[in-house]
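Below: the structure, in C-alpha cells.
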Amino acid sequence: MATETLILRGTMRAHTDQVTAIATPIDNSDMIVSSSRDKSIILWHLTKDEKTYGVARRRLTGHSHFVQDVVLSSDGQFALSGSWDGELRLWDLATGVSARRFVGHTKDVLSVAFSFDNRQIVSASRDKTIKLWNTLGECKYTIQEAESHTDWVSCVRFSPNTLQPTIVSASWDKTVKVWNLTNCKLRSTLAGHGGYVNTVAVSPDGSLCASGGKDGVILLWDLAEGKKLYSLDAGAVINALCFSPNRYWLCAATENSIKIWDLESKMVVDDLKVDLKAEAEKSEATTATAVSTTKKVRMVNLLCHRLFFWGTLEMVYQIRILDCSETLDSELTVYHECYHWCLQFFIPIYCTSLNWSADGSTLFSGYTDGVIRVWGVGRY
Numbered sequence: 001m002a003t004e005t006l007i008l009r010g011t012m013r014a015h016t017d018q019v020t021a022i023a024t025p026i027d028n029s030d031m032i033v034s035s036s037r038d039k040s041i042i043l044w045h046l047t048k049d050e051k052t053y054g055v056a057r058r059r060l061t062g063h064s065h066f067v068q069d070v071v072l073s074s075d076g077q078f079a080l081s082g083s084w085d086g087e088l089r090l091w092d093l094a095t096g097v098s099a100r101r102f103v104g105h106t107k108d109v110l111s112v113a114f115s116f117d118n119r120q121i122v123s124a125s126r127d128k129t130i131k132l133w134n135t136l137g138e139c140k141y142t143i144q145e146a147e148s149h150t151d152w153v154s155c156v157r158f159s160p161n162t163l164q165p166t167i168v169s170a171s172w173d174k175t176v177k178v179w180n181l182t183n184c185k186l187r188s189t190l191a192g193h194g195g196y197v198n199t200v201a202v203s204p205d206g207s208l209c210a211s212g213g214k215d216g217v218i219l220l221w222d223l224a225e226g227k228k229l230y231s232l233d234a235g236a237v238i239n240a241l242c243f244s245p246n247r248y249w250l251c252a253a254t255e256n257s258i259k260i261w262d263l264e265s266k267m268v269v270d271d272l273k274v275d276l277k278a279e280a281e282k283s284e285a286t287t288a289t290a291v292s293t294t295k296k297v298r299m300v301n302l303l304c305h306r307l308f309f310w311g312t313l314e315m316v317y318q319i320r321i322l323d324c325s326e327t328l329d330s331e332l333t334v335y336h337e338c339y340h341w342c343l344q345f346f347i348p349i350y351c352t353s354l355n356w357s358a359d360g361s362t363l364f365s366g367y368t369d370g371v372i373r374v375w376g377v378g379r380y
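Just so we're aligned, residue 1 is where the sequence shown starts under UniProt numbering, counting upward by one.
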C-alpha cells in the first residue's frame, strides 16, 4: 500500500526578514499572501515552477513595525493584517491600497481573523485584550479584565461551526479560552500547558482545537465539551499549527522541523527539515553571509556547510557577498563578484508559519530566513 509523504516542490523568495504568516484562498486559486518582519505583506502569483514556485505580484506597505499576522477574506478580495505598530489594516488586493485602519489596541497586535461570513473581525494583542470589530473599523466589543487572559494574547481564531459560533484564543498565561461569539462571554478555559501558548488551530469541522507553545507539547481539545482529549509531543517549541483540510493530519512548525501527525493513529507521518545544501545546488547562490547581534560576521559555503570566513567589527552597516569557494590549502578563491548588500542576524533557520492549500495538496511554510518553502503531498 502506497504511503503519503511530503516533498519539497520549490521556494518563494522576496521577503527580507522572517515570514510570520501565510494565508491561502478557499477557491484554491493561484495566489497566496504572506506577512513578514520586513513590515510588508506580499501578494504572490503561484507559477509552480521547480525553482521558483511563486513570484511576488505586489508588495503591500504601510505598517511601521513587524507585520505579525495576515488572513484572507473568503472571497479573496481583501487581506487583513495585524502589526506590532498596534494597528490592523484591511487591504484591497486588486489595488494594493490600505482600505481601512483599525486603531484601538495599546500594544502590538499578534493575531487577526475574519469570521466566515466576513462581517466580523477579531484581534489579539500584547495589551492582554481581544477585540471584536466590524469591517468599518469600529470596535464593537473588548474582552478584558475579569474573564480575560492575564498575559499577552498570542493567537485568536473563529470556529467554522456556524451552529455554535465561537472564538478560540491562546495566551502566554498558559491557557486557551473559548468564547461565545454572540455575547463575547467565556464558555470554557482550557488549562494544561506548562508554558506560554503560541498558537491555536481549529479543525475544519469545528469540533477540535489544537494548541502549542513553549513546552513543546500539542494539546487536543474537544471544543463542545471544553475538555482535553490527548497530547502529542513535538519535542521543541511550537510556533504554528494547522489542520489538513482533507486528511486527518495535524501539522506543527517547531524549532527543529515541521512535524505531521495522523490523528487517527497518533503517529508522526512526516518530519520535514530544510536541506540547505540541496537548495544551494538548485540555485546560483553558493555562499551565505550573516551578522550576529554580537557584531560577528560569518560566511558559510552552502555546498559543504563549512565556515570559511569570520571576523568581528565594531559596527556593521553593509556586507558585500562574494561568490567564492575554498581551496584545499584553505585560501579563498574568488571567481566573480556578485554585488549583493544585506544585513541579517545570525539565527537558525526554522519554520514560523504554516498553511495548507484549500485542496490539501500543498503545504506552504514560512521560515526565519524569509523564504517560503512549498511542500507537495506525494506517494511512495
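Think of the CB as a built atom: it goes at the ideal place given N, C-alpha and C, for glycine as much as any other residue.
Alpha carbon of Val19 to alpha carbon of Leu272, nearest angstrom:
As a working mapping, residue 19 is identified with position 19 in the sequence shown. As a working mapping, residue 272 is identified with position 272 in the sequence shown. Distance between the alpha carbons of Val19 and Leu272 is about 17 Å.
Can you give me the C-alpha to C-alpha distance between Leu80 and Arg100, rounded to a whole angstrom?
What you label residue 80 is simply residue 80 of the sequence shown in a count that begins at 1. What you label residue 100 is simply residue 100 of the sequence shown in a count that begins at 1. If you take the alpha carbons of Leu80 and Arg100, they lie about 9 Å apart.
Ile167 to Val178 span [Cα, whole Å]
Start at 1 with the first residue of the sequence shown, and residue 167 comes out as number 167. Start at 1 with the first residue of the sequence shown, and residue 178 comes out as number 178. In a straight line, the C-alpha of Ile167 is about 6 Å away from that of Val178.
Using DSSP with H/G/I as helix, E/B as strand and the rest coil, what is Glu225?
Locating residue 225 in the sequence shown gives position 225, counting from the first residue. Annotated three-state conformation of Glu225 is coil, per DSSP.
Boundaries (first-last residue) of the beta strand (DSSP E) holding Tyr367:
Position 367 of the sequence shown, counting from 1, holds the residue named residue 367. Looking at the DSSP string, the run of the beta strand (DSSP E) that includes Tyr367 is Thr362 to Tyr367.
Using 10 angstroms around the beta-carbon of Tyr230, count the other beta-carbons present and answer buried if the total reaches 16, otherwise exposed.
Indexing the sequence shown from 1 puts residue 230 at position 230. That one is exposed.
What is the residue span of the beta strand (DSSP E) that Glu50 lies within?
As a position in the sequence shown, residue 50 is number 50, starting the count at 1. First-last for Glu50: undefined, no H or E at that position.
If we call anything under 8 Å between Cβ atoms a contact, is Thr106 one with Gly76?
Taking the sequence shown and counting its residues from 1, the one referred to as residue 106 is at position 106. Taking the sequence shown and counting its residues from 1, the one referred to as residue 76 is at position 76. No.
Measuring straight from C-alpha to C-alpha, what distance separates Leu136 and Leu72?
Working through the sequence shown from its first residue, we reach residue 136 at position 136. Working through the sequence shown from its first residue, we reach residue 72 at position 72. CA-to-CA, the gap between Leu136 and Leu72 works out to about 16 Å.
Have a look at Ser244, Ser353 and Ala252 and flag the residue whose alpha-carbon is nearest the alpha-carbon of Ile22.
In the sequence shown, residue 22 corresponds to position 22, counting from 1. Residue Ser353 is the option with its Cα nearest to Ile22.
Can you name the start and end residues of the beta strand (DSSP E) that Arg13 belongs to?
Position 13 of the sequence shown, counting from 1, holds the residue named residue 13. Run containing Arg13: Glu4 to Arg13, per the beta strand (DSSP E) assignment.
Alpha carbons only, please: which of Glu4, Gln120 and Arg13 is nearest the one belonging to Arg373?
Residue 373 sits at position 373 when you count from the first residue of the sequence shown. The candidate whose alpha carbon is nearest that of Arg373 is Arg13.
Ignoring anything shorter than 3 residues or poking outside the segment 144–196, list the beta strand (DSSP E) runs there in chain order.
153–158, 166–171, 175–180 and 186–191
Suppose contacts are defined by Cβ-Cβ distances below 8 Å. Is Val112 in contact with Ile121 by that definition?
Counting from one through the sequence shown, the residue named residue 112 turns up at place 112. Counting from one through the sequence shown, the residue named residue 121 turns up at place 121. In terms of Cβ geometry, Val112 and Ile121 form a close pair [threshold 8 Å].
How is the beta strand (DSSP E) around Gln77 delimited, first residue to last?
In the sequence shown, the residue the question calls residue 77 occupies position 77. For Gln77, there is no enclosing beta strand (DSSP E), since its DSSP letter is neither H nor E.
Length of the line joining the Cα atoms of His63 and Gly360:
Here the question's residue 63 lines up with position 63 in the sequence shown. Here the question's residue 360 lines up with position 360 in the sequence shown. Each residue's Cα considered, the two are about 31 Å apart.
Strand pairing of Gly212, partner residues [DSSP]
Position 212 of the sequence shown, counting from 1, holds the residue named residue 212. According to DSSP, Gly212 bridges with Thr199.
What span of residues does the beta strand (DSSP E) with Glu87 cover, start to end?
As a position in the sequence shown, residue 87 is number 87, starting the count at 1. Here the beta strand (DSSP E) through Glu87 covers Glu87 to Asp92.
Start and end residues, beta strand (DSSP E) containing Leu241:
Taking the first residue of the sequence shown as position 1, residue 241 is located at position 241. Segment Ile238 to Phe243, the beta strand (DSSP E) holding Leu241.
Quick one: what does DSSP say Leu250 is sitting in, helix, strand or coil?
Locating residue 250 in the sequence shown gives position 250, where the first residue counts as 1. In the structure shown, Leu250 sits in a strand (DSSP, three-state: E or B).
Which whole-angstrom value is the C-beta distance of Leu232 and Lys266, which I expect to be below 8 Å?
Here residue 232 refers to the residue found at position 232 when the sequence shown is read from its first residue. Here residue 266 refers to the residue found at position 266 when the sequence shown is read from its first residue. Between Lys266 and Leu232 the Cβ distance is about 7 Å, and since that is below 8 Å, they are a contact.
Do you know offhand how far Ala253's Cα is from Cys242's?
Taking the sequence shown and counting its residues from 1, one reaches residue 253 at position 253. Taking the sequence shown and counting its residues from 1, one reaches residue 242 at position 242. Looking at the two C-alpha atoms, the distance is approximately 9 Å.
Taking Asp271 as part of the beta strand (DSSP E), name the residues at either end of that continuous run.
Position 271 of the sequence shown, counted from the first residue, corresponds to residue 271. Segment Met267 to Leu272, the beta strand (DSSP E) holding Asp271.
Should Leu219 go down as buried or exposed, given a rule of 16 or more other Cβ atoms within 10 Å for buried?
Reading the sequence shown from its first residue, position 219 is the one you call residue 219. Around the beta carbon of Leu219, a 10 Å sphere encloses 16 or more other beta carbons of the protein chains shown; the residue is thus reported as buried.
Ser35 to Asp17 span [Cα, whole Å]
Within the sequence shown, the letter at position 35 stands for residue 35. Within the sequence shown, the letter at position 17 stands for residue 17. Straight-line Cα distance between these residues: approximately 10 Å.
Residue closest to Asp127, alpha-carbon to alpha-carbon, out of Asp151, Gly192, Gly216 and Trp133:
Walking along the sequence shown from the start, residue 127 turns up at place 127. Scanning Asp151, Gly192, Gly216 and Trp133 for the CA closest to the CA of Asp127 turns up Asp151.
Where Leu220 falls: helix, strand or coil (DSSP)
For the purposes of this step, residue 220 is taken as residue 220 along the sequence shown, with counting starting at 1. Leu220 falls in the strand class under three-state DSSP.
Nearest by alpha-carbon distance to Ser262: which of Asn246, Arg119 and Asn256 is it?
Within the sequence shown, residue 262 is the residue found at index 262, counting from 1. The identity of residue 262 in the sequence shown is Asp, whereas the question assumes Ser. Of the listed residues, the one whose Cα sits closest to Asp262 is Asn246.
Looking only at its own chain, which residues have a Cβ that is under 7 Å from the Cβ of Leu181, when we skip the five neighbours before and after it?
The sequence position of residue 181 within the sequence shown is 181, counting from 1. Result list for Leu181: Pro165, Thr166 and Ile167, in chain order.
Rounded C-alpha distance that separates Ser211 from Thr175
To locate residue 211, count along the sequence shown from 1; it is residue 211. To locate residue 175, count along the sequence shown from 1; it is residue 175. Spanning the two alpha carbons is a distance of roughly 9 Å.
Straight-line CA distance for Ser203 to Tyr367?
Sequence index remark: in the sequence shown, residue 203 carries index 203 (1-based). Sequence index remark: in the sequence shown, residue 367 carries index 367 (1-based). Their Cα atoms are separated by approximately 23 Å.
Along the beta strand (DSSP E) that carries Arg100, what are the first and last residues, could you check?
Reading the sequence shown from its first residue, position 100 is the one you call residue 100. Segment Val97 to Val103, the beta strand (DSSP E) holding Arg100.
Endpoints, beta strand (DSSP E) assigned at Ser125:
Your numbering for residue 125 matches position 125 in the sequence shown. Taken as a continuous stretch (DSSP letters only), the beta strand (DSSP E) holding Ser125 covers Gln120 to Ser125.
To the nearest angstrom, report how far apart His65 and Thr3 are at their CA atoms.
Translated into positions along the sequence shown, residue 65 becomes position 65. Translated into positions along the sequence shown, residue 3 becomes position 3. Near 43 Å, if we compare the C-alpha coordinates of Thr3 and His65.
Looking at C-alpha atoms only, which residue of Phe114, Trp249, Ala56 and Val67 is the closest neighbour of Ile26?
Looking up residue 26 in the sequence shown gives position 26. Check the Cα spacing between Ile26 and each of Phe114, Trp249, Ala56 and Val67: the tightest is with Phe114.
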